[in-house]
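Chemist: If you're matching them up, the sequences are chains V and D in order. First residue of the first sequence? That's 1 in the working numbering, and the numbers climb one at a time after it. First residue of the second sequence? That's 308 in the working numbering, and the numbers climb one at a time after it. Virtual Cβ for every residue (Gly too), placed ideally from N, Cα, C. Because the structure is a prediction, the values reported are computed rather than measured. Have a look at this one before I ask anything.
2 protein chains.
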Amino acid sequence: MRLGLDIGGTKIDAVAIADDDMRLLSRVRVATGFGAEAVVRNGQDAALQAAEAAQAAAAPAARIASVGIGIPGIVDAERGVVRHAVNLGLTEVELGGALAERLGAPVRVENDVNAASLGAYHLLALTGSMAYLNLGTGLAAGFVNDGALWRGARGTAGEIGHIPVDPHGERCACGQRGCLETVASGGWVARKWGGTAALPVLELFDAADAGDPRAVALRAELVDGAAAAVRILVLTGDVETVVVGGGVSQLGAWLLEPLRASLERQALESRFLASLALSSRVRLVPLDRPVAAVGAALSGVRPEAAA
Amino acid sequence: MRLGLDIGGTKIDAVAIADDDMRLLSRVRVATGFGAEAVVRNGQDAALQAAEAAQAAAAPAARIASVGIGIPGIVDAERGVVRHAVNLGLTEVELGGALAERLGAPVRVENDVNAASLGAYHLLALTGSMAYLNLGTGLAAGFVNDGALWRGARGTAGEIGHIPVDPHGERCACGQRGCLETVASGGWVARKWGGTAALPVLELFDAADAGDPRAVALRAELVDGAAAAVRILVLTGDVETVVVGGGVSQLGAWLLEPLRASLERQALESRFLASLALSSRVRLVPLDRPVAAVGAALSGVRPEAAA
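Structure below.
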């Protein structure tokens, strides 16, 4: 079996998938904890629990062939090192080496957006080229072509949230002004909306549906920003499919329908944009599947083994 | 030998390169003409002249192994068809088939920016990933990774000139507002500058050097727009190198120095941008070499033959 760990800010989502057809064998969740020691220990626990559940349910004799980890922060995938994962209390951890020793299997560490990209590509059974647009607290993208991740020359491909789209826009945490992330991410929109809900974007969309003019305006800003992200991804990489994932994508059709409508409205004003058929290239990530954890498990498969 | 034709608005630049080490054997130029018949006839003439010159100078017995063509417009590289090359009077021409028959060799037709991308990659002896930023009348880019072009899913990769970067910007010919092309292309800047020079951008830079405040402002707009293009290319594709080519690149250090300065100024305001080291990733296309024609010749080499 192959294990995949999606290490998030509050929980670790761990899965085991079959070596042959990559079907899901088990899924467990444990709390992430804070700091290097806790993250490594809880990662080990989550992996072993997922392996035991898989053995109990489906594959008694199966051993752990590989472990893949998706984690926020700056990831050196070659060395298995994670840096600057601020929300997890990690400054620099050799996560790959530490877990490989404890689990007795090769470990691959991947940026969380890249891991989710691989998972989305696989779970949607895509072919050709895809960009995964992660609308979470921030905004970033990952690229997969013919099943392989494109990480970029220095591991920072897909940082489109920091492309400025308005010279008079808000100052972004990155130091620039009017970054795409300041209009089209869950975090920014929630901050502007305020409120007290656990899921501010959900509350915002509810209020917009109820006719609150401020909510309607903020929702339009978020949706048009997401449309701008789709446009940027296709105008640069010309990917066949853009899959929208991340926390905001949990809105489902509530997000997808206005996003497609925004792209279609733009196409009415531009024959050039119309020729790109952006609206028809957009899909949502499967909402009920552990996309990031499955993608992490797939990223643990060495390219030669996957071919 | 392998022939390459760069078919531009006024002239066809044709080269022959050696099969083995791809060194330049000959170069000729002929007028392009207008309309399908003229373009095909003049393309044939240019190809035969380049072949004869190569045989006379260097390789008497060499025959034409392949022909590659770089041409503006929408190119269906698989079928060798060119559409909507407005400046050449072409609505739809099976250029590949027509020239293959007349020249007795396989012909590959490629978008001109893609052909120049291949040429720049080869002539600069690059490795890894590169984006070619074409600053001509318009603004577009091409991508090469490990020597291979990335054309995109539908052949429109690199159309970054039509990414809007200012919601209050000028209306672009494409129908959108504030496209990158409206601030960072030779055509737009020349139109705003006016003047009567054959090379308006050259006159503009001269006037800016002489202290004309309007020229200084327009030059800054062009340079900052080019910097925005570099930023977009690295924030999406994370290419190792961005090579600036096209008509505006003929300004040489006059363009490259302020472009690097603009990128460094942005990096001072953003540690995130600073970490990307954009300034050090930018290079100019070789100014004295037939980049697009050589790239066209390389595009005529079938992948299996080039490997």
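(1) Quick one: grab the DSSP three-state call for Gly-340(D).
(2) For Glu-399(D), which residues in chain V fall below 7 Å Cβ to Cβ?
(3) Between which two residues does the alpha helix (DSSP H) holding Asn-114(V) run?
(4) Quick one: which residues of the region 154-181 of chain V get their C-beta closer than 8 Å to a C-beta of chain D? List them in chain order.
(5) Are any of the Cβ atoms in chain V nearer than 8 Å to that of Glu-385(D)?
(6) Are the region 348-360 of chain D and the region 332-339 of chain D in contact at 8 Å, needing three or more beta carbon pairs?
(7) Whose Cβ in chain V lies nearer than 8 Å to the Cβ of Glu-576(D)?
(8) Could you check where the alpha helix (DSSP H) with Arg-309(D) kicks off and where it finishes?
(9) Could you say if the region 312-319 of chain D and the region 598-605 of chain D meet the contact criterion of at least three C-beta pairs nearer than 8 Å?
(10) Measure the C-alpha to C-alpha separation of Gly-70(V) and Gly-396(D) and round it to an integer number of angstroms.
(11) Could you tell me whether the Cβ atoms of Val-347(D) and Leu-402(D) are closer together than 8 Å?
(12) From Asn-134(V) to Val-201(V), what distance separates their C-alpha atoms?
(13) Since Leu-583(D) meets chain V, which of its residues come closer than 9 Å, beta carbon to beta carbon?
(14) Which value, in whole angstroms, describes the spacing of the CA atoms of Ala-330(V) and Gln-55(V)?
(15) Can you round the beta-carbon distance between Gln-356(D) and Leu-273(V) to whole angstroms, since I take them to be within the 8 Å contact cut?
(16) By the 10 Å Cβ neighbour count, where 16 or more other Cβ atoms means buried, how is Leu-287(V) classified, buried or exposed?
(17) DSSP three-state call for Ser-373(D): helix, strand or coil?
(18) Under three-state DSSP, which class holds Leu-410(D)?
(19) Less than 6 Å between C-beta atoms, sequence neighbours within five positions excluded: which residues of the same chain meet that for Arg-108(V)?
(20) I'd like to know whether the C-beta atoms of Val-550(D) and Ala-533(D) end up nearer to each other than 8 Å.
(21) I'd like to know if the region 521-537 of chain D and the region 203-221 of chain V are in contact, where contact means that at least 3 CB-CB pairs between them fall below 8 Å.
(22) For Gly-552(D), which of helix, strand or coil comes out of DSSP?
(23) Give me the chain D residues within the contact set of Leu-273(V), using Cβ-Cβ distance strictly less than 9 Å, ordered along the chain.
(24) At 8 Å on the CB atoms, spell out the chain V contacts of Ser-436(D), in chain order.
(25) Below 9 Å between beta carbons is the criterion; list the residues of the region 531-558 of chain D that meet it against any residue of chain V, in chain order.
(26) Taking Arg-572(D) as part of the alpha helix (DSSP H), name the residues at either end of that continuous run.
(27) Would Pro-164(V) be called buried (16 or more neighbouring beta carbons within 10 Å of its own) or exposed?
(28) Tell me which residues share the same chain as Ser-586(D) and place their Cβ nearer than 6 Å to its Cβ, disregarding the 5 neighbours each side in the sequence.
(29) Cβ of Gly-374(V) within 8 Å of Cβ of Glu-181(V)?
(30) Once the 5 residues before and after Leu-314(V) are set aside, which same chain residues still bring their CB inside 7 Å of it?
(31) May I ask which residues mark the beginning and end of the beta strand (DSSP E) holding Ser-129(V)?
(32) For Glu-92(V), which beta-bridge partners are listed by DSSP?
(33) Can you give the Cα-Cα distance for Ala-297(V) and Cys-172(V), rounded to whole angstroms?
(34) Could you tell me the boundaries of the beta strand (DSSP E) in which Ile-160(V) lies?
(35) Please tell me whether Asp-453(D) and Pro-167(V) are closer than 8 Å, where the distance is taken between their beta carbons.
Modeler: According to the structure shown:
(1) Residue state, collapsed to three classes: coil.
(2) Chain-ordered listing is empty here: chain V has no CB closer than 7 Å to the CB of Glu-399(D), the nearest sitting near 15 Å.
(3) 112-123
(4) Arg-154, Gly-155, Thr-156, Ala-157, Gly-158, Glu-159, Ile-160, His-162, Ile-163, Pro-164, Val-165, Asp-166, Pro-167, His-168, Cys-174, Gly-175 and Gln-176
(5) no
(6) yes
(7) Gly-175 and Gln-176
(8) Element bounds for Arg-309(D): not the alpha helix (DSSP H) but the beta strand (DSSP E), 309-314.
(9) yes
(10) C-alpha separation (whole angstroms): 52 Å.
(11) yes
(12) 15 Å
(13) Arg-154, Thr-156 and Glu-159
(14) Residue 330(V) cannot be examined here, being either before or after the span of chain V that is shown, 1 to 307.
(15) So it is not a contact: roughly 41 Å between Cβ atoms.
(16) Exposed is the call here.
(17) strand
(18) Three-state DSSP puts Leu-410(D) in a helix.
(19) Gly-68, Ser-299 and Gly-300
(20) no
(21) Proximity of the region 521-537 of chain D to the region 203-221 of chain V falls short of the contact definition, fewer than three beta-carbon pairs being nearer than 8 Å.
(22) strand
(23) His-469, Cys-481, Gly-482 and Gln-483
(24) The contacting residues are Gly-152 and Ala-153.
(25) Ala-535, Arg-538, Ile-539, Leu-540, Val-541, Leu-542, Thr-543, Gly-544, Asp-545, Val-546, Glu-547 and Thr-548
(26) Counting along the chain, the alpha helix (DSSP H) containing Arg-572(D) begins and ends at 560-576.
(27) Answer is buried; the Cβ neighbour count reaches 16.
(28) Arg-567, Leu-570 and Glu-571
(29) Absent from the structure is residue 374(V), since the part of chain V shown begins at 1 and ends at 307.
(30) Outside the modelled stretch of chain V, which goes from 1 to 307, sits residue 314(V), for which no answer is possible.
(31) That run of the beta strand (DSSP E) goes 129-135.
(32) Arg-83(V)
(33) Going from the Cα of Ala-297(V) to the Cα of Cys-172(V) covers about 33 Å.
(34) First-last for Ile-160(V): undefined, no H or E at that position.
(35) no
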